Amino acid sequence: MRTRGNNIFKGIDWILVLSYLVLIFIGWINIYSATITEDVLPLLNFETEYGKQLIWIGLSFPLILIILTIDSKFYERYSSLIYLTSMLSLLLLFPLGKNINGATSWYNLGGVFSLQPSEFAKAATALAIAKLVSDKSFNLQKLNTQLQSFTVLFIPAILITLQPDPGSALVYTAFIFVLYREGLPFYHITIGFISIALFLATLYFGSNYVLYTISGIFVVLLIYLSVKREKAFKRNWLKIIGLFVLISIYIFSVNYVFNEVFQQRHRDRFNIVLGKSDDVKSIGYNSDQAISTIVSGGLTGKGFLEGERTQGEFVPEQQTDYIFTVVGEEWGFLGSSAVILIFALFCLRILFVAERQKSKFSRVYGYSIATIFFTHFAVNIGMVIGILPTIGIPLPFFSYGGSGLWGFTVLLFIFIKLDANRSYEW
Amino acid sequence: MKRAGLLSILIVFIGVIFIARLFYLQVLNPPETDLLRNNPSIKVKFDYPERGYIYDRNGNLLVANQLSYDIMVIPREVKPLDTLEFCSLLKITKEEFKIKFERAYKYSTRIPSTFVAQVSKDDYAYLQEKMHRFKGFYIQKRSLREYPVRSASNVLGYISEVNEAMINKNPYYQLGELIGTAGIEKTYETTLRGTKGVKFIQRDRFNKEIGPYRNGSKDTTAIPGNDVTLTIDSQLQKYGEQLMINKRGGIVALEPSTGEILALVSTPTYDPNLMVGRERSKNFTKLYLDTINKPLLDRGLQAQYPPGSPFKILTALAALEEGVITKHTTVSCFGSYRYGATSSMACHCDVYGGGINLNKGMYRSCNSYFANAYRKSIEKYPTAEEGMNVWSDHIKSFGLGNYLNNDLSVGQKGLVPDGDFYNQWYPNVRWQATYNISNAIGQGEILTTPIQLANMTATVANRGFYYTPHIVKNIKGKEIDERFVTKRVTTVNQSHFEPVIDGLFNVFENPRGTAAGSRVNGIAICGKTGTAENPHGQDHSIFIAFAPKDNPKIAIAVFVENGYWGSRWAGPIATLMIEQYLNGETSRAYLEKRMFEGSLELEYLKQLKEETELEN
Chain A
569 MRTRGNNIFK GIDWILVLSY LVLIFIGWIN IYSATITEDV LPLLNFETEY GKQLIWIGLS
629 FPLILIILTI DSKFYERYSS LIYLTSMLSL LLLFPLGKNI NGATSWYNLG GVFSLQPSEF
689 AKAATALAIA KLVSDKSFNL QKLNTQLQSF TVLFIPAILI TLQPDPGSAL VYTAFIFVLY
749 REGLPFYHIT IGFISIALFL ATLYFGSNYV LYTISGIFVV LLIYLSVKRE KAFKRNWLKI
809 IGLFVLISIY IFSVNYVFNE VFQQRHRDRF NIVLGKSDDV KSIGYNSDQA ISTIVSGGLT
869 GKGFLEGERT QGEFVPEQQT DYIFTVVGEE WGFLGSSAVI LIFALFCLRI LFVAERQKSK
929 FSRVYGYSIA TIFFTHFAVN IGMVIGILPT IGIPLPFFSY GGSGLWGFTV LLFIFIKLDA
989 NRSYEW
Chain B
-9 MKRAGLLSIL IVFIGVIFIA RLFYLQVLNP PETDLLRNNP SIKVKFDYPE RGYIYDRNGN
51 LLVANQLSYD IMVIPREVKP LDTLEFCSLL KITKEEFKIK FERAYKYSTR IPSTFVAQVS
111 KDDYAYLQEK MHRFKGFYIQ KRSLREYPVR SASNVLGYIS EVNEAMINKN PYYQLGELIG
171 TAGIEKTYET TLRGTKGVKF IQRDRFNKEI GPYRNGSKDT TAIPGNDVTL TIDSQLQKYG
231 EQLMINKRGG IVALEPSTGE ILALVSTPTY DPNLMVGRER SKNFTKLYLD TINKPLLDRG
291 LQAQYPPGSP FKILTALAAL EEGVITKHTT VSCFGSYRYG ATSSMACHCD VYGGGINLNK
351 GMYRSCNSYF ANAYRKSIEK YPTAEEGMNV WSDHIKSFGL GNYLNNDLSV GQKGLVPDGD
411 FYNQWYPNVR WQATYNISNA IGQGEILTTP IQLANMTATV ANRGFYYTPH IVKNIKGKEI
471 DERFVTKRVT TVNQSHFEPV IDGLFNVFEN PRGTAAGSRV NGIAICGKTG TAENPHGQDH
531 SIFIAFAPKD NPKIAIAVFV ENGYWGSRWA GPIATLMIEQ YLNGETSRAY LEKRMFEGSL
591 ELEYLKQLKE ETELEN
């Protein structure tokens, strides 16, 4: 046992801190490029978005110090309270929130600053899940336990979807990886992937074709079993037919939801990515501009502040959800793949650090935030480079927005703090 | 620890996919990302070439260009403006302004679209001074069509603004551009149009133009449209249109030795200048909605009628080829042709006696003679089906029963029945030649368009071959299509034509010939009258002819709807056309006057009344 020193930086994983600083720096550079105006203004100002972002970055350092100063036991002990507070803050949005771009996701803090509680809910949920899973009586093989953990995830997901901000809610589904890591049976993930595959196939080929194919597969399966494996057939034929009925119902409901429940803009987004419709002028404008902007970067990029499309402000929402297009245009293939590498290594590093934790709480928390960062990274960049439909979700440390930056900072540094204490706690 | 690996693998996997995708986008530069067009930092300017002129066969100018000025708009560059003043300048209402602007905005905020098309020259001069005050609007010069000769609108066609369906089909076009939508303008669109030039201009991030993009290396220059010379003789065309005034129908005149169309008249017609300028859409709607006169229907190409008696020529030729008659074969006729115990077909040849040979049958147009010939042709074979198929092939070799595959934008197949056709018609009966004996005289199931009939006439004039009728004589810098210089030979031997042509000659020369009254001194015309029964009303007046008998220069088919009988309208019109073409003038002023002034409008009105009463 080493003695506990007063140095709050002791035991810190400097690789993670360095990655954080690098990502913040690159992110800000690109926000600067995306939002620079004709007038020359000082870097620190409230008029421009790059100025505001710089202030948020500056303010995140005191925040980091506070996080590191707080005793690491605090996070575990009070995780339930933190979770409840966070959920309350989401709930109170409905009467008190401020509506921006059609979503009531912000608290107005007066002046030009507003706060988005859903960005902090991720950290709160990660803590709650870690707490839940690290309980000694916790066993994911049990249905009861499974339901408990799903409830913890569903509450923020539903509250955020209702804002409505379905993109941000998507993150909570990714927690399934965390639960899997901690013993959730694999078939949950299998079912998840099969549902997604069937969903996409139904949209792409139409419900009838998918249904025909599935029927064909089942008929072949039944014939095979009845001829070659008579015993297995007798035992299982009812189950197989039941499964078939379930799948058919699912396909029909996907068809129904897509055509009757989804709004046209949602359908359009899917159709564009699936290549079923191709409209560069109105609905597909964002993604088309984003891809063209990335393409125009070429191998080495146009150079800092030299991107024609970036400087011409041709990509809507470029400083937030489409910030990666700036990297693509101004830094080219080299720059953008470097960013992807940094992100991937960053996520892998978190996983590595998580796996070396002795405390289950720290490990699960680490695993949770790796999942959260990874989901944001994969969905955001996947959307920008045109392999996923348009889903509004920020790129961590890159996208403009104070709440987002602080939310991700809190998420990461709680983990760094937990990790720093790994050798002499518990 | 196995479970811990899943997410790591997924991270690596996604990272690899993303980098691969970026490599594809940024390094391989896939073709579907057209950087120049979709790049808002590059302004695309089009340079429209002048559309080609159209001349007639003698070098007379038929279609030329006049300059026009379009007001264009780029919605995103529009700044708040004094709409009241702007609207009064452009002579539009505020509501129109709103609709037009929204339409342009919906199309694209960055790509220019036409705001007001075809402003007059006077307005342009005035507008030019004021235009700079309205940001986002500018004037684009374009050339419009002009028709110095007010005829042949059905041949020339017209150009109109592309619609969105056309743009989707052919990305060359952009909203507000013009495209040939009928006639020559349509079939020779790419030839006449040329290729527009494109200039890419680099803009800086404040949207200022700073010079050509990459020093103009991606720019293309406009390629001017080619002039087209038609086979039409504009004088003959105009003369035909005058003859057909107040009558519905069509005239098609061909040069037999080449297949060139000398005249293609369809009436009622319209002034081609109606299809130009700001009044265009109003005029077009009016013509389009005239479902009684159908001025936009090219009757010479699209109207399908039973050919009537001129078809007897083919009946005779098929029978001669099959060897079932010779020119000496005779029949007797007593006012009808009997085929079976109770069935008979009336005949108006007024011969009442025997000894009708091919020649006489032709110039008296004896139904009995050709019914006999037809029946023998079919009955030569063991089954009627076989006979019908052989006969059908002979007829089709004259270009009937299918599209001619020419360079005209519209057409109809017509109908020549074969064995299969009647098998379906009489599914449970063993049908025979007598079931469809009226085919012999061009009545029955047979349908032809005037141009098919003219082509048939030309084929007879040529004694057994034709060139596909076509409208373009030459295009500057290009030879005409090979299909128009390919000789198409019929299945009937050349030797069988002369006796038939002698009969056609006697239609004029014999005092009892059905068109003896239309005989022209000094021109050896061969022809055939026709009167086609019409279930909707009065018979159609039909006439086909070619001249001179030897070395023919013109073959013609004339159709006058509800014109009673062949020699009443179609005959005189056909011979006047021939005379005009061969001699450059006509010798029969009285006949010409009667044709110019004769009208069938009352007949049409009567028929319309009957039809509407029937419906009520």
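Just so you know, the sequences run in chain order A and B. Numbered by our numbering, the letters in the first sequence go through residues 569 to 994 in order. Numbered by our numbering, the letters in the second sequence go through residues -9 to 606 in order. Each residue gets a CB set at the ideal place from its N, CA and C atoms; glycine is no exception. Remember, predicted model here, so these are calculated numbers, not experimental data.
Near-chain B residues of the stretch 933 to 950 of chain A - C-beta to any C-beta below 9 Å: Y935, A938, T939, F942, F945, A946, I949 and G950
Between the CA atoms of B:T281 and B:Y95 - distance to the nearest angstrom: 36 Å
Beta carbon of A:I949 nearer than 8 Å to that of A:V739: no
N-terminal and C-terminal residue of the beta strand (DSSP E) that B:E199 is part of: E199 to P202
Endpoints, alpha helix (DSSP H) assigned at B:H338: Premise fails: B:H338 is in no alpha helix (DSSP H) and is neither H nor E.
Contact set for B:P490: own chain, Cβ-Cβ below 8 Å, skip 5 residues either direction: Residue 490 of chain B is actually Val in this sequence, not Pro. Here the set comprises I303, A306, L307, L310, L348, M352 and V450.
Proximity of B:F36 and B:K159 at Cβ, strictly below 8 Å: no
Beta-carbon contacts of B:F495 that lie in its chain and below 6 Å, excluding the five residues immediately before and after: C516 and K539
Cβ separation of A:V701 and A:E644, assumed to be a contact under 8 Å, to the nearest whole Å: Their Cβ separation, rounded to whole angstroms, is 12 Å, which puts A:V701 and A:E644 out of contact at 8 Å.
Any C-beta of chain B under 8 Å from that of A:Y646: no
Extent of the continuous beta strand (DSSP E) run through A:W674: A671 to N676
Collapsed DSSP secondary structure at A:K849 in the structure displayed: Confidence at A:K849 is low in this model, with a pLDDT of 49, below 50, so the placement of that residue is unreliable and no value is reported for it.
Residue from B:R123, B:V218 and B:R(-7) with nearest C-alpha to B:P70: B:R123
Delimiting residues of the beta strand (DSSP E) encompassing B:A547: I544 to V550
Contact under 8 Å by Cβ, B:A107 with B:G166: yes
Residue-level contact to chain A via CB, B:N153, 8 Å cutoff: no
A:G626: first and last residue of the uninterrupted alpha helix (DSSP H) it sits in: E617 to T637
Status (buried if at least 16 other CB within 10 Å, exposed otherwise) for B:Q56: exposed
Burial state of A:W805 (16 or more Cβ within 10 Å): exposed
Under 8 Å by beta carbon: chain A residues contacting B:L12: I862, G896, F901, S904, S905, I908 and I953
Straight-line Cα distance separating A:I819 from B:H526: 57 Å
Residue environment, A:V720, which counts as buried when at least 16 other CB atoms sit within 10 Å: buried
Proximal residues of chain A, C-beta to C-beta of B:S(-2) below 8 Å: L916 and L919
Touching by the beta-carbon criterion (3+ pairs, under 8 Å), the stretch 357 to 366 of chain B and the stretch 338 to 348 of chain B: yes
Short CB-CB distance (under 8 Å) between B:Q16 and chain A: yes
Three-state secondary structure assigned by DSSP to B:K228: helix
Distance, A:V883 Cα to A:S860 Cα: 10 Å
Environment of A:A800 [buried if 16+ CB atoms lie within 10 Å]: exposed
When B:K583, B:T565, B:V462 and B:L590 are compared against B:T219, the one with the closest alpha-carbon: B:V462
Exposure of B:K120, with buried meaning 16 or more beta-carbon neighbours within 10 Å: exposed
Nearest to B:I546 (by Cα), restricted to the options B:F3, B:L51 and B:P300: B:P300
Host beta strand (DSSP E) of B:I32 (start-end): I32 to D37
Where the alpha helix (DSSP H) containing B:G187 begins and where it ends: No alpha helix (DSSP H) contains B:G187, which is instead part of the beta strand (DSSP E) from G187 to R193.
Below-8 Å beta-carbon distance, A:G871 vs any chain B residue: no
Delimiting residues of the beta strand (DSSP E) encompassing B:V255: E250 to T257
A:G934 (DSSP reduced to helix, strand or coil): helix
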